[in-house]
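Chemist: From first to last, the protein sequence lines are chains A and B. When we follow this note's numbering, the leftmost residue of the first sequence carries the number 18, and every step to the right adds one. When we follow this note's numbering, the leftmost residue of the second sequence carries the number 18, and every step to the right adds one. Even glycine gets a Cβ: it sits at the ideal position worked out from N, Cα and C.
Number of protein chains: 2
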Amino acid sequence: MDKTYIFGHKSPDTDSITSSLVMCELERKLGNDNVIACKLGNINKETEYILNYLGIDEPELIESVEDESNVILVDHNSPSESIDNLENLNIKKIVDHHKIAIETTYPLFYRAEAVGCTQTILYKLFNENNVEITKEIASLMLSAIISDTLLLKSPTTTDDDVIAVKELAEIADIDYEEYGLEMLKAGTDLSSFSISEILSLDAKQIDFKEVKSIVNQVNTASIPDVMAMKDDLEEGIQEIIEKEDLDLFMLLITDIVNSNSQVIVLGKDAALVEKAYGVKLEDNTALLEGVVSRKKQVVPIMTENA
Amino acid sequence: MDKTYIFGHKSPDTDSITSSLVMCELERKLGNDNVIACKLGNINKETEYILNYLGIDEPELIESVEDESNVILVDHNSPSESIDNLENLNIKKIVDHHKIAIETTYPLFYRAEAVGCTQTILYKLFNENNVEITKEIASLMLSAIISDTLLLKSPTTTDDDVIAVKELAEIADIDYEEYGLEMLKAGTDLSSFSISEILSLDAKQIDFKEVKSIVNQVNTASIPDVMAMKDDLEEGIQEIIEKEDLDLFMLLITDIVNSNSQVIVLGKDAALVEKAYGVKLEDNTALLEGVVSRKKQVVPIMTENA
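1. What residue does the alpha helix (DSSP H) around Lys260 of chain A start on, and which one ends it?
2. Rounded to whole angstroms, what's the CA-CA distance from Lys285 of chain A to Val309 of chain A? Just pull it up for me.
3. Which chain A residues sit within Cβ distance under 9 angstroms of Glu120 of chain B?
4. Going by beta carbon distance, what residues of the same chain come within less than 7 angstroms of Ile67 of chain B, once the five residues before and after it are set aside?
5. Can you pull out the residues from the stretch 144-162 of chain B whose beta carbon lies closer than 7 angstroms to at least one beta carbon of chain A?
6. Rank A:Lys247, A:Thr205, A:Glu153, A:Gly204 by C-alpha distance to the C-alpha of Leu43 of chain A and give the top, closest one.
7. Less than 8 angstroms between CB atoms is the rule here; does Ala181 of chain A satisfy it with respect to chain B?
8. Between which two residues does the alpha helix (DSSP H) harbouring Asn69 of chain B extend?
9. Run through chain A and tell me which residues come within less than 8 angstroms of Pro96 of chain B, C-beta to C-beta.
10. Mind pulling the chain A residues with CB within less than 7 angstroms of Leu304 of chain B?
11. Do you know offhand how far Thr302 of chain B's Cα is from Ala245 of chain B's?
12. Compare the C-beta of Leu125 of chain A with all C-beta atoms of chain B and state if any pair is closer than 8 angstroms.
13. Does Cys134 of chain B come out as helix, strand or coil in the three-state DSSP assignment?
14. What do you reckon, are the CB atoms on Leu142 of chain A and Met158 of chain A nearer than 8 angstroms?
15. Do you know offhand how far Thr237 of chain B's Cα is from Ala118 of chain A's?
16. Just the chain A side, please: which residues come within less than 7 angstroms of Ala323 of chain B by C-beta, in chain order?
17. In chain order, what residues of the same chain have a beta carbon less than 8 angstroms from the beta carbon of Leu263 of chain B, not counting five sequence neighbours either side?
18. Rounded to the nearest angstrom, what separates Val316 of chain A and Glu251 of chain A at their Cα positions?
19. Cβ atoms of Lys116 of chain A and Thr121 of chain B: under 8 angstroms apart, would you say?
20. Does the beta carbon of Ala128 of chain A come closer than 8 angstroms to any beta carbon on chain B?
21. To which residues of the same chain is Leu185 of chain A closer than 6 angstroms at the C-beta, ignoring the five residues directly before and after it?
22. Ser37 of chain B and Lys62 of chain B - do their beta-carbons sit closer together than 8 angstroms?
23. Sort out for me which residues DSSP pairs Ser276 of chain A with in a bridge.
24. Taking just the CA atoms, how far does Ile240 of chain A sit from Leu125 of chain A?
25. If we count Cβ pairs, one from each stretch, closer than 8 angstroms, do we get three or more for the stretch 77-96 of chain B versus the stretch 169-184 of chain B?
26. Alpha carbon to alpha carbon, what distance is there between Ser164 of chain A and Thr271 of chain A?
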């Protein structure tokens with residue numbers, strides 16, 4: 018069988034990186050040996066902490082694969098977040114927890130559920146196929162669910178995520194609350210990043226109806242620490258707006274301890290944020306109380322008000 | 018919980034009808050009592066034979082449901098084959114075996130596999146969720162897989178379909194080859210249908226790139242019996258082409274015993290069929306040897322040549 022490349026989305030987060038590793042293991046256990054776990058960009062600090070802690074190698078960095086290659090998409094399905102030549106590739110499977118944003122010309126394996134993390138679905142797939150979840154796999158799955166649900170506190174968290182975390186913590190023999198907080202804090206260390214790196218760490222292009230936007234999210238344990246870079250961040254955002262011809266750029270600075278987000282907003286449609294959240298931007302910024310989830314608390318509300 | 022409507026595609030075939038019944042049973046067993054099995058059109062002769070044989074009531078005919086209603090789609094995902102106000106409905110789940118042809122603004126449960134029949138996936142879902150497959154449910158599943166795969170002879174047939182049929186035949190206590198042939202033959206009885214009914218029995222709107230088309234398929238045990246109606250069929254096809262402003266109409270008359278299709282082709286782009294299959298249309302018709310599957314042997318080849 019031809020080689021199958023497995024990867025998550027661009028600007029990979031912990032779910033995308035660990036899902037490519039875990040899906041690769043599942044495929045091998047199901048008899049597909051010629052698979053390779055890949056990533057479409059560099060890993061973030063949180064993922065680095067996790068892989069170091071667990072002593073696991075990163076997936077292979079790829080920028081493109083030959084036309085007609087077999088691929089498996091995890092943690093995304095939108096072509097805009099995927100490899101550039103996706104439309105010329107043979108998508109064998111998709112395992113994801115996002116809205117449906119792809120059309121295909123052929124049937125394929127598609128497994129999506131409205132849960133907090135792709136790994137919660139992979140956890141089910143291992144069980145359904147009677148594939149043993151090793152301590153290492155359990156640790157990867159657990160880390161991603163903690164990451165995507167901010168330790169089960171994000172509104173994206175479902176009962177299935179909670180059940181998976183509790184069962185995986187037992188297999189991994191990890192105190193998930195203690196480990197999870199350390200892991201999330203490691204992800205908030207921005208010290209080694211340039212401004213332009215911070216602005217692309219977890220950036221998603223999203224069009225709110227006609228409003229062409231990027232929403233970038235950084236987690237922190239201290240909003241003031243990030244806001245200290247506000248002038249430089251705004252300068253970087255302005256450059257991106259001009260380069261990408263955007264109508265709106267939202268930088269969500271999410272306090273993972275207190276579950277709020279400070280938002281910095283630039284672009285000609287900045288007032289849309291004021292309308293959507295009933296806030297007043299002062300110096301291009303406002304506090305969005307209780308907002309931690311881009312998927313549940315930004316995309317639908319911004320789309321509705323656009 | 019609000020009521021959830023479960024239905025297959027318009028111009029329902031056996032898979033669409035039985036999948037709505039079987040999915041309804043699965044939802045109930047999973048604790049969602051407020052579900053109703055529906056159909057978007059009248060059942061065909063084959064389905065009628067099956068439901069009579071098994072003593073099972075038809076799903077409820079619906080034309081529309083209130084905006085914001087909960088729905089589950091089975092055996093389709095394309096809005097063009099679904100209920101008219103789909104974009105205003107809350108799709109809870111999709112279980113299907115076709116290409117991906119829908120975009121959503123929210124994540125949902127999506128389960129697709131490239132197998133011959135939706136029921137093969139439902140068979141897995143029952144097993145994965147440890148829900149007992151009763152004799153009645155097994156009979157419905159079995160009937161649909163036989164229907165979609167033409168008794169496991171269509172090129173759409175996968176190993177998973179074969180395994181499902183053999184295991185379901187045991188549960189249902191049915192000689193599936195004997196029953197299957199009777200069932201398929203019952204589906205070929207066109208005696209009670211008007212020409213316009215025959216032309217919409219299993220008609221799908223498909224655009225081959227820019228070529229706006231309808232491909233209709235009727236099964237038969239005797240191609241000459243159907244070709245005896247050729248003049249009337251052509252007249253009816255011409256009316257549909259004018260009404261729907263089509264570029265192409267293909268009527269596949271599929272011999273379920275010998276696994277060939279006679280095709281009647283009208284429309285300004287009829288030559289596309291000649292190009293795609295290397296045949297010469299005479300009096301608007303040609304024999305397509307070995308062609309029995311619209312999904313595997315018509316859509317990709319016509320699209321490639323369009």
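Modeler: Taking the definition as stated:
1. Counting along the chain, the alpha helix (DSSP H) containing Lys260 of chain A begins and ends at 247-261.
2. So the alpha carbons of these two residues sit roughly 24 angstroms apart.
3. In chain order: Lys116, Ile117, Ala118, Ile119, Glu120.
4. Answer for Ile67 of chain B: Thr31, Ser160, Met200, listed in chain order.
5. Across the stretch 144-162 of chain B, CB contacts with chain A closer than 7 angstroms involve Glu145, in sequence order along the chain.
6. Here the closest residue by C-alpha is A:Glu153.
7. No, Ala181 of chain A lies away from the interface with chain B (no Cβ there is under 8 angstroms from its Cβ).
8. Note, Asn69 of chain B: alpha helix (DSSP H), 62-71.
9. Those within 8 angstroms of Pro96 of chain B in chain A number zero; the least Cβ separation is about 11 angstroms.
10. The contact set of Leu304 of chain B on chain A, defined by CB atoms closer than 7 angstroms, is empty, because the minimum CB distance reaches about 26 angstroms.
11. Going from the Cα of Thr302 of chain B to the Cα of Ala245 of chain B covers about 13 angstroms.
12. Chain B contact via Cβ: present.
13. Note: Cys134 of chain B maps to coil in three-state DSSP.
14. Their beta carbons are not under 8 angstroms apart, which means Leu142 of chain A does not touch Met158 of chain A by this criterion.
15. Cα to Cα, the separation comes out at about 39 angstroms.
16. Listed along chain A, no residue sits closer than 7 angstroms to Ala323 of chain B by beta-carbon distance, the nearest being about 12 angstroms off.
17. Excluding positions up to five away in sequence, the list reads Lys229, Ser230, Ile231, Ile257, Gly284.
18. Roughly 22 angstroms between the two C-alpha positions.
19. It is a contact, given that the beta carbons lie within the stated cut-off.
20. Per the sequence shown, residue 128 of chain A should be read as Arg rather than Ala. For Arg128 of chain A, the answer is yes, since a Cβ of chain B falls inside 8 angstroms of its Cβ.
21. For Leu185 of chain A, where only same-chain residues beyond five positions count, the Cβ hits under 6 angstroms are Ala155, Met158, Leu159.
22. Lys62 of chain B is not a Cβ neighbour of Ser37 of chain B, given a cutoff of 8 angstroms.
23. Answer is none; Ser276 of chain A lacks a bridge partner.
24. Going from the Cα of Leu125 of chain A to the Cα of Ile240 of chain A covers about 43 angstroms.
25. Judged by Cβ distances under 8 angstroms, the stretch 77-96 of chain B makes no contact with the stretch 169-184 of chain B, as fewer than three pairs qualify.
26. Roughly 13 angstroms between the two C-alpha positions.
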